[in-house]
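S.K.: One structure is given below, represented as structure tokens, and several questions about it will come after.
Numbering (UniProt numbering), first residue to last: 1 to 311.
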């Protein structure tokens with residue numbers, strides 16, 4: 001078990017605070033979306049312990065909802081959700097020895113509130129969830145470099161389930177693709193049935209309107225798995241056991257905070273849980289030997305426009 005967790009803070013070179021931000025899986029890129037419609041890409045400068053602005057592009061004035069990076073295997077490819085429900089696919093390109101953000105495609109998904117690129121082993125695919133309860137999965141056409149996307153699946157979380165958040169389970173050999181979906185009535189796990197080419201619900205748990213969620217990265221021989229979901233000021237950790245198509249979920253703990261939670265994420269080994277709140281604080285939680293989740297440290301309020309990296 002990882003016994004330490006490093007936290008670093010850096011101020012971003014931008015005119016104001018971000019409306020949302022997203023790290024790439026390898027921590028080689030940070031995307032920051034601002035209320036004025038700008039998307040800014042930063043790269044880490046380890047010698048100076050800061051993030052440098054690489055490129056930027058203004059999409060359109062309006063609220064930025066969420067962003068997601070594709071795996072670095074597919075290049076520097078970013079999906080950004082813009083209000084009122086348009087997904088913009090962007091890619092870094094080199095023009096006259098300078099890096100620019102080029103718009104590759106737009107996918108209209110009315111009411112879209114969350115996007116997430118799938119595991120690299122399953123190809124270049126993008127899941128999106130909307131307020132009507134529909135989940136769509138688009139696949140990039142081979143050889144089209146992210147410019148052409150084909151709708152592969154369109155299914156519903158439930159008649160009265162408004163979607164609020166979304167994330168994938170990392171790929172594991174012998175297991176089907178799985179999605180964790182947040183709604184206004186709790187969480188659902190969906191499992192892909194390859195024989196019938198459809199998605200079905202494998203578990204439902206939690207309550208309240210969820211704002212973010214994260215699934216632990218599966219380690220070899222590690223069981224059970226844990227997911228974390230957030231509603232208001234509470235982050236709940238749930239243990240998942242059983243077969244992929246029929247999971248059993250049991251609550252492992254409720255982690256209370258002093259302000260509403262805006263983002264939550266596991267570290268790479270799934271041993272530490274980082275929780276960011278609206279008051280600018282970051283809390284680190286860890287499970288002790290008795291199975292209880294304990295608050296290990298809290299980073300005090302940071303200045304607007306800064307970012308926090310957890311390793």
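We put the beta carbon where it would ideally sit given N, CA and C, even for glycine.
Going straight from the alpha carbon of residue 73 to that of residue 157, what length do you get?
M.R.: Those two C-alpha atoms are separated by around 31 Å.
S.K.: Going by DSSP in three states, residue 245 sits in which element: helix, strand or coil?
M.R.: Residue 245 falls in the coil class under three-state DSSP.
S.K.: Quick test of the definition: if touching needs 3 or more C-beta pairs under 8 Å, does the stretch 60–70 touch the stretch 27–46?
M.R.: Taking 8 Å as the limit for Cβ pairs, the verdict is that the stretch 27–46 does touch the stretch 60–70.
S.K.: Is it buried or exposed, residue 197, if we count other Cβ atoms within 10 angstroms and call 16 or more buried?
M.R.: Looking at its Cβ environment, which holds fewer than 16 other Cβ atoms inside 10 Å, residue 197 is exposed.
S.K.: Express the C-alpha separation of residue 211 and residue 130 in angstroms, rounding to a whole number.
M.R.: Their Cα atoms are separated by approximately 13 Å.
S.K.: Per DSSP, residue 44 forms a beta bridge with which residues?
M.R.: Looking at the DSSP assignment, residue 44 forms a beta bridge with 51.
S.K.: Roughly how many whole angstroms lie between the Cα atoms of residue 75 and residue 290?
M.R.: Computed Cα separation, rounded: 43 Å.
S.K.: In chain order, what are the residue ranges of uninterrupted beta strand (DSSP E) at least 3 long that sit wholly in the UniProt repeat "WD" (254–285)?
M.R.: Counting whole runs of 3 or more residues, the UniProt repeat "WD" (254–285) contains the beta strand (DSSP E) stretches 261–266 and 272–277.
S.K.: With distances taken from CA atoms, which of 248, 224, 177 and 267 is nearest residue 195?
M.R.: Taking only the C-alpha atoms, the option nearest residue 195 is 177.
S.K.: Given a cut-off of 8 Å, decide if residue 164 and residue 113 are closer than it, judged by their beta-carbon atoms.
M.R.: Yes, they are a contact pair.
S.K.: Between residue 153 and residue 107, is the Cβ-Cβ spacing less than 8 Å?
M.R.: Contact: no.
S.K.: Just confirm the distance between the C-beta atoms of residue 266 and residue 286, as a whole number of angstroms; I'd bet it's less than 8 Å.
M.R.: About 11 Å separates the two Cβ atoms, so there is no contact after all.
S.K.: Straight-line CA distance for residue 180 to residue 168?
M.R.: Whole-angstrom Cα-Cα distance: 6 Å.
S.K.: Where does residue 230 land, buried or exposed, given buried means 16+ other C-beta within 10 angstroms?
M.R.: By the 10 Å Cβ count, residue 230 comes out buried.
S.K.: What is the rounded straight-line gap between the Cα of residue 105 and the Cα of residue 293?
M.R.: When rounded, the distance between both Cα atoms is 43 Å.
S.K.: According to DSSP, simplified to helix, strand and coil, what is residue 162?
M.R.: Coil at residue 162, not helix or strand.
S.K.: Closest to residue 208 by C-alpha separation, out of 188, 264, 214 and 199, would be which residue?
M.R.: Nearest of 188, 264, 214 and 199 to residue 208, Cα basis: 188.
S.K.: Please list, in chain order, all residues of the same chain as residue 276 whose beta carbon is under 6 Å from its beta carbon, the five residues on each side excluded.
M.R.: Same-chain partners within the cutoff: 262, 263 and 282.
S.K.: Report yes if the CB atom of residue 166 is closer than 8 Å to the CB atom of residue 203, and no otherwise.
M.R.: In this structure, residue 203 does not lie closer than 8 Å to residue 166 by Cβ.
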